[in-house]
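Novice: First the structure, then my questions, so here it is.
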Amino acid sequence: MTDVHGRTAFITGGGNGIGLGMARSFARAGARLALADIDAAALERAKAELQGITAVETFELDVRDRAAYAAVADAAEQALGPVSLLFNNAGVIYAETAAKLSYELWDWALGINLGGVINGVQTFLPRMARRGGGGHIVNTASGAGLAAMGNGVLYITAKFAVVGMAESLHAELAPAGIGVSVLCPGPVATDIIHRSADATPRSGVHLTAEQERRRSERRELISRVLHERGAGIDAVGAMVLQAVQNNRLYIHTDRIMEEPIKARTQALLDAMPL
Ligand SMILES: NC(=O)c1ccc[n+]([C@@H]2O[C@H](COP(=O)([O-])OP(=O)(O)OC[C@H]3O[C@@H](n4cnc5c(N)ncnc54)[C@H](O)[C@@H]3O)[C@@H](O)[C@H]2O)c1
Numbered sequence: 295m296t297d298v299h300g301r302t303a304f305i306t307g308g309g310n311g312i313g314l315g316m317a318r319s320f321a322r323a324g325a326r327l328a329l330a331d332i333d334a335a336a337l338e339r340a341k342a343e344l345q346g347i348t349a350v351e352t353f354e355l356d357v358r359d360r361a362a363y364a365a366v367a368d369a370a371e372q373a374l375g376p377v378s379l380l381f382n383n384a385g386v387i388y389a390e391t392a393a394k395l396s397y398e399l400w401d402w403a404l405g406i407n408l409g410g411v412i413n414g415v416q417t418f419l420p421r422m423a424r425r426g427g428g429g430h431i432v433n434t435a436s437g438a439g440l441a442a443m444g445n446g447v448l449y450i451t452a453k454f455a456v457v458g459m460a461e462s463l464h465a466e467l468a469p470a471g472i473g474v475s476v477l478c479p480g481p482v483a484t485d486i487i488h489r490s491a492d493a494t495p496r497s498g499v500h501l502t503a504e505q506e507r508r509r510s511e512r513r514e515l516i517s518r519v520l521h522e523r524g525a526g527i528d529a530v531g532a533m534v535l536q537a538v539q540n541n542r543l544y545i546h547t548d549r550i551m552e553e554p555i556k557a558r559t560q561a562l563l564d565a566m567p568l
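Those letters in the sequence shown? Residues 295 to 568, by our numbering.
So this is what it looks like as structure tokens:
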């Protein structure tokens, strides 16, 4: 899609971080904005910031709630016109060794990071396809969706699925003029670590005071690294705009995953029978 001007963009997790960065860049390019998030205060801030540039509507929505999602989609389209730019971006991160996970943690993390993306596609794709006129879907995955590293099975499982979904949809929807991209960021300067920790269901996690203290220290450290070395949200927003305009499938924000991707690809090839 070369021109996003005048189109309506629906962005989940649009109140903070990467979602806000994308909202800014698409607003400047002339798209109208429907921002959906569970963080009402962030939505209010984003609207105050962006309504001078374009039409903005905000919606409190938990992307896991399918009925609410459909109602919000109706309200957004009534206010702003048909949504033809969809950003399935809301996400949370939680790193834990596999043996310490619970069903509750799996349901929470997969429900948002994968279920939320499915719900976005299931809500809006039939509308886009029915209307014709093309469109574009951007799913936010992660570098962690391209090669597995560390104690992140909960996150990695969802993000690999999001990458696979985007690859499949990219091929399938091209004839309908609906582009699909998957954003696979390296570190980005956001508060995802703290926001996710605050939202983590407590009942599935049993920590001593000492373990809680060490965990909190580790979160501080990782968050500081994201802010000191991560890409800025506006730079990421600009990369996504360019990728949509050029209908590119993969969006990387840096080259951090180069070696892990090479190693994974080589291991896959090496495992094939001669
Ligand atoms: N920040 C990074 O380094 C990084 C790296 C790779 C991938 N990502 C991915 O980028 C996406 C955005 O992350 P971010 O770093 O901007 O984080 P962020 O915390 O700044 O923004 C995420 C937004 O999603 C919202 N959200 C969380 N749960 C929700 C739910 N159930 N329903 C609706 N909204 C919900 C939050 O309120 C928040 O506004 C996520 O999918 C994340 O996995 C981030």
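Note that beta-carbon positions come from the ideal geometry of N, C-alpha and C, so glycine has one too.
Under 8 Å by Cβ, that's how I've got Pro554 and Ala441 pegged, so tell me the actual separation to the nearest angstrom.
Specialist: 4 Å
Novice: Express the C-alpha separation of Ala342 and Gly526 in angstroms, rounding to a whole number.
Specialist: 21 Å
Novice: Per DSSP, Val474 forms a beta bridge with which residues?
Specialist: DSSP output for Val474 lists Ile431 as bridge partner(s).
Novice: Going by beta carbon distance, what residues of the same chain come within less than 8 Å of Gly375, once the five residues before and after it are set aside?
Specialist: Thr302 and Arg326
Novice: Can you list the alpha helix (DSSP H) stretches of 4 or more residues lying completely in the stretch 372–412, in chain order?
Specialist: 397–404
Novice: Work out the CA separation of Thr306 and Ala369 for me, nearest whole Å.
Specialist: 15 Å
Novice: If we call anything under 8 Å between Cβ atoms a contact, is Ser475 one with Ile545?
Specialist: yes
Novice: Any chance the CB of Thr451 is under 7 Å from a heavy atom of ligand 1?
Specialist: no
Novice: What's the gap between the Cα of Ser378 and the Cα of Ala317?
Specialist: 14 Å
Novice: Given 8 Å as the limit, is there contact between the stretch 462–475 and the stretch 423–433, that is, 3 or more CB pairs closer than that?
Specialist: yes
Novice: Going by Cα to Cα distance, which pick from Lys453, Gln505 and Ser517 is closest to Ala483?
Specialist: Cα-wise, what sits closest to Ala483 is Ser517.
Novice: Among Ala336, Val298, Asp297 and Ile487, which one has its Cα closest to the Cα of Gly313?
Specialist: Of the candidates Ala336, Val298, Asp297 and Ile487, the one whose C-alpha sits nearest the C-alpha of Gly313 is Ala336.
Novice: Are the stretch 406–417 and the stretch 447–456 in contact at 8 Å, needing three or more beta carbon pairs?
Specialist: yes
Novice: Express the C-alpha separation of Gly385 and Leu448 in angstroms, rounding to a whole number.
Specialist: 12 Å
Novice: Per DSSP, Tyr544 forms a beta bridge with which residues?
Specialist: Val476
Novice: Using a threshold of 8 Å, state whether the C-beta atoms of Gly446 and Ala389 are closer than that.
Specialist: yes
Novice: Could you spell out the range, first to last residue, of the beta strand (DSSP E) harbouring Asp331?
Specialist: Arg326 to Asp331
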